[in-house]
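Colleague: Right, I'll just put the structure down here and ask away after.
Protein chains in written order, with the working numbering: chain A, 608 to 912; chain B, 608 to 912; chain C, 608 to 912; chain D, 608 to 912.
Structural data, given as structure tokens:
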């Protein structure tokens, strides 16, 4: 851990000095109300060490990072059956997603593109009595953190401009792979994306994926080993949209980004690390976050490959 | 190793008993002249253990597996500059490859699709005085095996029906990313793909990728650590065409397949394992090979995730 | 006219005897409630002759045929400005429409694919005080037929299953080319498509397009000559979805089809002819209607080419 | 004719005064050696009138305009069977052509895109004893003009940079729709495209398409009426690449363009008109040629719609 915290400290300093390029996410109005200079990092290890720097205790909207958690719950509930509704292949480019949906009969290529996450939300809606509350309970339990909550303001802000998601959800409905009312599916989906966490909370929450699916606190099994490995594998191939290959190539860890500027990365059996800096590169991933993890992984010689 | 060899023995038996589905590669006539029941496995570990079963000493055409080696040599020669000529992203689907080439100005999505491997061959042609001989010397040195050679018969057989490769190479030439004469590039490319190896030889040859780029025999540095990790990362995201996500999801190791029915997989810092069974599934990957590695990775709990 | 009516009589008989292949439109439930054996033809000439056979006095849902009329009204109101919102090129294949929308920044390829007709509906909504009533008045005036009306039952039936249209409209909204609320646009669009006419009424209504834009009854100018020619030109290149080229090739007249099984075709300066038979071929055009017009155009040597 | 020649004279003057925008075709080096200010027009009517202005007696490379003639000969030889090898639908966009070839099993969308013209050349190669000579004889006979010839210099110039055509031809070969050796097909194809004509010769040569397939001189039947109408129909929907819809919309005549800057247009039963100005717009069609025909068709009220 000495090694890791020292590397974090040093890389944080290096990357803090580079130009803060990129743009705040503009498509969700509410996300623009954030300090663009924010930059935080937090690591939690499977042997119970923790270390953070910068704005690691500030809340931010985790957005698409939540797709890993909604997938985890849906996979836990449905097991292998889930993969009849959503694939496990990288999608190539954003560009392809609508075409691929048509040729793939409404089966999204993977659960981390919007189409796939919307189908996963539909699965949860069909299988939970009270989806909003039960999902929140699932997340709170994993992280022993009862304060985690949705942000109605963020959810509302996304819904107000969510024409593309309405398009996507209705297109999949037409292709037969949405079972509930598209409006209900999207309302739930916007809620999911609106969760706010600090880097510390995010790192703690995802630590079970570095720990073979078990909570470090009490050993409770959230997912079995095979399910955990497969979710990590999916983050490796599909976690960063069109930049998934780049992230794997340069960082060498499974991870997931969100347009709020957060990134989570997992080193199986070792740690989970959360980074947050809100300015996004042209692919929609945190500019400084990507830089940080690339340098960190090199300096700490911390890549699974 | 006990654990690994025992797992290999048992999974070999299990998978040997499943139906031998799939088809021999038909598009290269010469590849059809092979015993469809062949099935071999061989593992080599970084701590110098070896173990094989079945037809592990029979030669087969490694075909696309060679793309990892030609990439390794080109990366060694050109360093990071290489990535101006070829990308590191999964391609989504075979279907997209020509369209993507056009929108990406002739830069193939990654070095393991045919377009990318043809560009890599072009790079070698521009940078080696005697490409055929020097590439062979590179491969022979890595594996301390002077008997490795091209198969003129296989190369000729592929060339005779290689209309799609002629199309691809000339399309990239038109887009400006092939520097040599397309015919020369393809002749070299067909030679590369024609190399024949046994599972034992293949496993020995790829062991340096599990050993941070060094030969286990004498510690010679073939690639540096960063380059090695990045090639492994590329195999993880792009090694199995449209089934790359599936392989990562089910097997959880970086690997590469060829239409000769061979598959190589790497566990960094531990081992390289070669499997061969010539009947291919609908995605062009060895049917039994995929099954073997999936069961083996589960039984030996041997996934990097 | 002798020539035309005789040709109609004979071809009607010939085509009446061929197998009634194809399927009733199934995607709008209400459209399935129609006698599949219905088959009617009606011709109106610019020199005031009329002739009909078969079920030429039965009402049917004109569906997409209305897109010519909504385009006519929008073109009349906006003039050449309209073409900043919608293109005039054939779309190639249905398959491409969503991809093309993205690369074309939300400008549909032409006004006769759904995307284009939805944008035209949006234009009308922005430019008419009372769109539903004013459009109906426009149509009733052209044909001197005050009985023409919307079918609330058909509109409701289409709306209930219109997920793909919701997708399309919201996708264009996201791309910036829908100005009104997507729900309002679609409600108006469904109303437009629901109009019911007989072959006789349809033929009378479209006669102004064969008459340089003037009503034959009183010479009132609906569209000027240039606008009329251009709408006919658009029907020629884009009137039959993926079969537009086939229709031009085999029939050689500008025309437009609808999934209710109706087809209208125009011979400039001569006549308009309406055909109706509800079973559709695999491209969504009336099976018998296409056959009839092909044979009729050959027998009457009536092609503009 | 008075009307037509007067309109030509006046529009020639108007368009001669507009800015000579666009670029000379650059992809065939030899085509750049032409006076960019050249501008000629020639009309021939079915009742034996002729009229020309400007550079109407200068030779230019007709390039893709020849595709109408090679189609005419192939259609004459094979009849309706020809359409098993090539379609009659507009292709949407250049962008789509390779993807469409794959999904359409190597059947090009129409004979006027390069893919289609290459297949037509292949058909001629299979059905003529001496293709080069017999095609030339066919063309010379239609126009009673024994001086028409190939330009070896142009053919060689195109071949030297024809990587994309090599790609296309080999791709179709791989898909099974080229029967001869791809090199032979392309050599013949380059010869076809290299023919040089003046506006006068071009207009005379195409007059049979305005005359129901008969030569005006002696009434010899080149194509029957149905075949003639269908070729005209194909020019209407597919003659101008991505601008086919625009040309139909604005000019309202069947026509065909070439990258040499020539355009031919047909008014069935009336005339054929040839225009030449070598600077091309962004779609690859003559900038002034398009403008001329648009204004001419408006001024002479000469549109088939």
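Note that beta-carbon positions come from the ideal geometry of N, C-alpha and C, so glycine has one too.
Can you round the beta-carbon distance between residue 653/B and residue 898/B to whole angstroms, since I take them to be within the 8 Å contact cut?
Modeller: Here residue 653/B refers to the residue found at position 46 of the second chain. Here residue 898/B refers to the residue found at position 291 of the second chain. Their Cβ separation, rounded to whole angstroms, is 26 Å, which puts residue 653/B and residue 898/B out of contact at 8 Å.
Colleague: Can you name, in chain order, every residue of its own chain whose Cβ lies under 7 Å from the Cβ of residue 775/B, other than the five neighbours on each side?
Modeller: Residue mapping note: residue 775/B aligns to position 168 of the second chain, counting from 1. So the list reads 721, 722, 725, once near-sequence residues are dropped.
Colleague: Identify the continuous beta strand (DSSP E) that holds residue 882/C and give its terminal residues.
Modeller: As a working mapping, residue 882/C is identified with position 275 in the third chain. From DSSP, the beta strand (DSSP E) with residue 882/C extends over 878-883.
Colleague: Using only CA atoms, which one of 764/A, 805/A, 798/A, 907/A lies nearest to residue 633/A?
Modeller: Taking the first chain and counting its residues from 1, the one referred to as residue 633/A is at position 26. For residue 633/A, the nearest C-alpha among the options comes from 764/A.
Colleague: From residue 627/B to residue 887/B, what distance separates their C-alpha atoms?
Modeller: Along the second chain, read from residue 1 onward, the residue named residue 627/B stands at position 20. Along the second chain, read from residue 1 onward, the residue named residue 887/B stands at position 280. Straight-line Cα distance between these residues: approximately 10 Å.
Colleague: Under 9 Å, CB to CB, which of the residues in the segment 756-786 of chain C have a partner in chain A?
Modeller: Those would be 768, 769, 770, 771, 772, 773, 774, 775, 776, 777, 778, 779, 780, 781, 782, 785, in chain order.
Colleague: Rounded to the nearest angstrom, how far is the Cβ of residue 687/A from that of residue 784/A, given a contact under 8 Å?
Modeller: Working through the first chain from its first residue, we reach residue 687/A at position 80. Working through the first chain from its first residue, we reach residue 784/A at position 177. That pair is no contact at about 17 Å.
Colleague: Please report the Cβ distance between residue 873/D and residue 862/D, rounded to the nearest whole angstrom; I am assuming they are in contact, meaning their Cβ atoms lie under 8 Å.
Modeller: Stepping through the fourth chain from its first residue, residue 873/D is reached at position 266. Stepping through the fourth chain from its first residue, residue 862/D is reached at position 255. That pair is a contact at about 7 Å.
Colleague: Taking the alpha-carbon positions, what's the residue 718/D to residue 797/D distance?
Modeller: In the fourth chain, counting from the first residue as 1, residue 718/D sits at position 111. In the fourth chain, counting from the first residue as 1, residue 797/D sits at position 190. C-alpha separation (whole angstroms): 16 Å.
Colleague: List, from N- to C-terminal side, the beta strand (DSSP E) runs of 3 residues or more that fit wholly inside the segment 841-912 of chain C.
Modeller: Segments of the beta strand (DSSP E) lying fully in the segment 841-912 of chain C: 862-864, 869-874, 878-883.
Colleague: Between 840/A, 890/A, 847/A, which lies nearest to residue 600/A when the distance is taken from Cα to Cα?
Modeller: Residue 600/A is absent from the model: chain A starts at 608 and stops at 912.
Colleague: Counting C-beta neighbours from all protein chains within 10 Å, is the total for residue 781/D 16 or more, i.e. buried, or is it exposed?
Modeller: Taking the fourth chain and counting its residues from 1, the one referred to as residue 781/D is at position 174. Buried, because 16 or more other Cβ atoms sit within 10 Å of the Cβ of residue 781/D.
Colleague: Does chain D have any CB closer than 8 Å to the CB of residue 653/C?
Modeller: Taking the first residue of the third chain as position 1, residue 653/C is located at position 46. By this cut-off, residue 653/C is not an interface position.
Colleague: Within 10 angstroms of its Cβ, does residue 825/A collect 16 or more other Cβ (buried), or is it exposed?
Modeller: Translated into positions along the first chain, residue 825/A becomes position 218. Label assigned to residue 825/A: exposed.
Colleague: Beta-carbon within less than 7 Å of residue 823/B's beta-carbon, same chain only, minus the 5 sequence neighbours each way: which residues are those?
Modeller: Along the second chain, read from residue 1 onward, the residue named residue 823/B stands at position 216. 653, 655, 814, listed in sequence order.
Colleague: How big is the Cα-Cα spacing for residue 681/B and residue 779/B?
Modeller: On the second chain, position 74 is the one that residue 681/B refers to. On the second chain, position 172 is the one that residue 779/B refers to. C-alpha separation (whole angstroms): 18 Å.
Colleague: Determine, using beta carbons only, whether residue 843/B and residue 843/A come nearer to each other than 8 Å.
Modeller: Indexing the second chain from 1 puts residue 843/B at position 236. Indexing the first chain from 1 puts residue 843/A at position 236. Their beta carbons are under 8 Å apart, which means residue 843/B touches residue 843/A by this criterion.
Colleague: I'd like the list of long-range same chain contacts for residue 834/B, defined as Cβ closer than 6 Å, with 5 residues on each side in sequence excluded.
Modeller: Within the second chain, residue 834/B is the residue found at index 227, counting from 1. Cβ neighbours of residue 834/B beyond the five flanking positions: 682.
Colleague: Looking only at its chain, what residues have a beta carbon closer than 6 Å to the beta carbon of residue 856/A, apart from the 5 residues adjacent to it on each side?
Modeller: For the purposes of this step, residue 856/A is taken as residue 249 along the first chain, with counting starting at 1. Same-chain partners within the cutoff: there are none.
Colleague: To be precise: take each residue of the segment 705-716 of chain C, compare its Cβ to all Cβ atoms of chain A, and keep it if any distance is under 8 Å. Which residues remain?
Modeller: So the list reads 705, 706, 709, given in the order they occur along the chain.
Colleague: If you follow the alpha helix (DSSP H) that residue 810/C is part of, which residue opens it and which one closes it?
Modeller: Translated into the one-based positions of the third chain, residue 810/C becomes position 203. Segment 806-817, the alpha helix (DSSP H) holding residue 810/C.
Colleague: Along the chain, where does the alpha helix (DSSP H) that runs through residue 726/B open and close?
Modeller: Locating residue 726/B in the second chain gives position 119, counting from the first residue. That run of the alpha helix (DSSP H) goes 721-734.
Colleague: Since residue 671/D contacts residue 638/D with CB under 8 Å, what's their CB separation in whole angstroms?
Modeller: The residue you call residue 671/D lines up with position 64 of the fourth chain. The residue you call residue 638/D lines up with position 31 of the fourth chain. Going by Cβ atoms, the distance from residue 671/D to residue 638/D rounds to 12 Å, so no, they are not a contact pair.
Colleague: Looking at the unbroken beta strand (DSSP E) that takes in residue 650/B, where does it start and where does it end?
Modeller: The count along the second chain starts at 1 and reaches residue 650/B at position 43. Per DSSP, residue 650/B belongs to the beta strand (DSSP E) from 647-652.
Colleague: Would residue 889/B count as contacting chain A if we go by Cβ distances under 8 Å?
Modeller: Translated into positions along the second chain, residue 889/B becomes position 282. No, no contact with chain A.
Colleague: Any Cβ of chain D within less than 8 Å of the Cβ of residue 702/B?
Modeller: Numbered from its first residue, the second chain carries residue 702/B at position 95. Here the model assigns residue 702/B a pLDDT of 49, short of 50, so the residue's position is not dependable, and the following value carries that caveat. Residue 702/B counts as touching chain D.
Colleague: Which residue wins for smallest C-alpha separation from residue 658/D, given the options 759/D, 787/D, 806/D?
Modeller: Locating residue 658/D in the fourth chain gives position 51, where the first residue counts as 1. Taking only the C-alpha atoms, the option nearest residue 658/D is 806/D.
Colleague: Which residues mark the beginning and the end of the alpha helix (DSSP H) in which residue 768/A is found?
Modeller: Sequence index remark: in the first chain, residue 768/A carries index 161 (1-based). Where residue 768/A is concerned, there is no enclosing alpha helix (DSSP H), given that its DSSP letter is neither H nor E.
Colleague: Do you know how far the Cα of residue 735/B is from the Cα of residue 673/D?
Modeller: For the purposes of this step, residue 673/D is taken as residue 66 along the fourth chain, with counting starting at 1. For the purposes of this step, residue 735/B is taken as residue 128 along the second chain, with counting starting at 1. Each residue's Cα considered, the two are about 45 Å apart.
Colleague: Just the C-alpha distance for residue 893/C and residue 794/D, rounded to the nearest angstrom, thanks.
Modeller: Reading the third chain from its first residue, position 286 is the one you call residue 893/C. Reading the fourth chain from its first residue, position 187 is the one you call residue 794/D. Their Cα atoms are separated by approximately 44 Å.
Colleague: How would you write the range of the beta strand (DSSP E) that residue 660/B sits in, first residue to last?
Modeller: Walking along the second chain from the start, residue 660/B turns up at place 53. Counting along the chain, the beta strand (DSSP E) containing residue 660/B begins and ends at 657-661.
Colleague: Starting from residue 863/C, find everything on chain D with Cβ-Cβ shorter than 7 Å and list it in chain order.
Modeller: Stepping through the third chain from its first residue, residue 863/C is reached at position 256. Result: empty, since nearest Cβ-Cβ is about 14 Å, beyond 7 Å.
Colleague: What number of angstroms, rounded off, separates the C-alpha of residue 697/B from the C-alpha of residue 630/A?
Modeller: Locating residue 697/B in the second chain gives position 90, counting from the first residue. Locating residue 630/A in the first chain gives position 23, counting from the first residue. Taking the straight line joining both Cα atoms gives about 26 Å.
Colleague: Is residue 913/C helix, strand or coil when you go by DSSP?
Modeller: Shown here, chain C extends from 608 to 912; a query on residue 913/C therefore has no answer.
Colleague: The alpha helix (DSSP H) spanning residue 748/B covers which residue range?
Modeller: On the second chain, residue 748/B is found 141 positions in, with the first residue counted as 1. Residue 748/B -> alpha helix (DSSP H) spans 738-750.
Colleague: Determine whether the beta carbon atoms of residue 880/B and residue 648/B lie at a separation below 8 Å.
Modeller: As a working mapping, residue 880/B is identified with position 273 in the second chain. As a working mapping, residue 648/B is identified with position 41 in the second chain. Yes, they are a contact pair.
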